[in-house]
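In the working numbering, the protein residues as written are 43 to 310. Ideal Cβ positions, reconstructed from N, Cα and C, are used throughout, including at glycine. Quick caveat, the model's predicted, so the values are computed rather than measured.
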């Protein structure tokens, strides 16, 4: 696969696909999406700053705006909670439109994948005990997929919670991104297990998402159906086929101490 990194203002893409043409299409779509968002904000400043869904007709606006409005409504957050995932989504769609068979677009950690092959995606969660030690093995049958992360302790995104990482899985990256923000907002308080369960409750109540993983300090919890979890080492890139890994179904006890796993929501 070809890989290209591209940055413009707050947008930081990594695009992987089988052809340069597909990568060019993805980058062009991301740039146009940004410009469209900027033009829309001039006419609707509340689109940028609202922390609640806006009651605008998503059907009457460009696709990137419609995706963000719809995702915000589903997750009960502001439209900009979906911005990174929505840009990833339109970029992957653009690559597919010019003939790409497989494409991955990461935008600041928010990922959209379309195709039919397997991909490996790592999970970074700041100082959490298993940050960088686990990831997802995404099968071709699970695509298309959006994998998006929100954190109250890492990065500059707005979060009212204190999770080290909330990862949400959905068919569409725009929805996964907005939902990750919503769930992360619910993970707060000094009782770590209780805060994780609040986040999982929020995930269960959010439509259109497949699953959710929450990391906070030395604890982890999941809800719904996730791609296979894998243990990863520190060498090389997760996306390479030569990566050595050990697959797990839903049991991470060989990585974590038993008391560190919020087990009541695990599903195979």
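Handout entry: CB contact flag (residue 254, residue 180, <9 Å)
Key = The Cβ atoms of residue 254 and residue 180 lie no closer than 9 Å to each other.
Problem - Residues of its chain near residue 51, where Cβ-Cβ distance is below 8 Å and the 5 sequence neighbours each way are ignored - result: Listed in chain order, the non-local C-beta contacts of residue 51 below 8 Å within the same chain comprise 76, local neighbours out to five positions each way being set aside.
Exercise for the section: Evaluate contact between the region 99-110 and the region 77-90, counting only Cβ atoms and requiring at least three cross-stretch pairs below 8 Å. Expected result: Flag = yes, the region 99-110 and the region 77-90 touch.
Handout entry: residue 110 (DSSP reduced to helix, strand or coil)
Key = Looking at residue 110 - three-state DSSP - the assignment turns out to be helix.
Handout entry: Simplified DSSP assignment, three categories, for residue 49
Key = Three-state DSSP puts residue 49 in a strand.
Practice task
Give the DSSP-derived three-state secondary structure of residue 58 in the structure shown.
Solution key: Residue 58 falls in the strand class under three-state DSSP.
Handout entry: Pick from 222, 236 and 67 that is closest to residue 116, judged by C-alpha positions
Key = Cα-wise, what sits closest to residue 116 is 222.
Exercise for the section: Inspect the CB distances between the region 241-248 and the region 134-150 and report whether three or more fall short of 8 Å. Expected result: Short answer: they don't touch.
Problem - Cβ-Cβ distance between residue 215 and residue 257 below 9 Å - result: Contact check for residue 215 against residue 257 fails: the beta carbons are separated by 9 Å or more.
Exercise for the section: Could you tell me the boundaries of the beta strand (DSSP E) in which residue 177 lies? Expected result: Counting along the chain, residue 177 sits inside the beta strand (DSSP E) bounded by residues 176-180.
Handout entry: Distance between beta carbons of residue 268 and residue 211, contact taken as under 8 Å
Key = Approximately 6 Å separates the beta-carbon atoms of residue 211 and residue 268; this is inside 8 Å, confirming the contact.
Exercise for the section: Give the DSSP bridge partners of residue 44, in chain order. Expected result: Paired residues: 59.
Practice task
Could you tell me if residue 141 is buried or exposed, where buried requires 16 or more neighbouring beta carbons within 10 angstroms of its beta carbon?
Solution key: With fewer than 16 Cβ atoms within 10 Å of its Cβ, residue 141 is classed as exposed.
Practice task
Would you mind giving the Cβ-Cβ distance between residue 114 and residue 120, rounded to the nearest angstrom? I have them listed as a contact below 8 Å.
Solution key: Yes, they are in contact, since the Cβ atoms of residue 114 and residue 120 sit about 6 Å apart, within 8 Å.
Problem - Buried or exposed (CB count within 10 angstroms, at least 16 for buried), residue 139 - result: Residue 139 should be labelled exposed.
Handout entry: Cβ pair residue 263, residue 218 closer than 9 Å
Key = Residue 218 is positioned such that its CB atom lies no closer than 9 Å to that of residue 263.
Practice task
Can you tell me which of 273, 82 and 44 puts its alpha carbon nearest to the alpha carbon of residue 176?
Solution key: Nearest to residue 176 by alpha-carbon distance, out of 273, 82 and 44, is 273.
Problem - Residues sharing a beta bridge with residue 161, DSSP - result: DSSP, once it has assigned bridges, lists 180 as partnering residue 161.
Practice task
Note down the Cα distance separating residue 122 from residue 226, rounded to an integer number of angstroms.
Solution key: Each residue's alpha carbon lies about 15 Å from the other.
Handout entry: Terminal residues of the beta strand (DSSP E) in which residue 213 lies
Key = It is not in any beta strand (DSSP E) - residue 213 carries neither H nor E in the DSSP assignment.
Handout entry: Per-residue burial, residue 95 [other beta carbons within 10 Å of its own, 16 or more giving buried]
Key = Answer is buried; the Cβ neighbour count reaches 16.
Exercise for the section: With a threshold of 16 other CB atoms inside 10 Å of the CB of residue 252, please say whether the residue is buried or exposed. Expected result: Under this definition residue 252 is a buried residue.
Problem - One or two residues paired with residue 256 in a DSSP bridge - result: Answer by DSSP bridge pairing, in chain order: 208 and 263.
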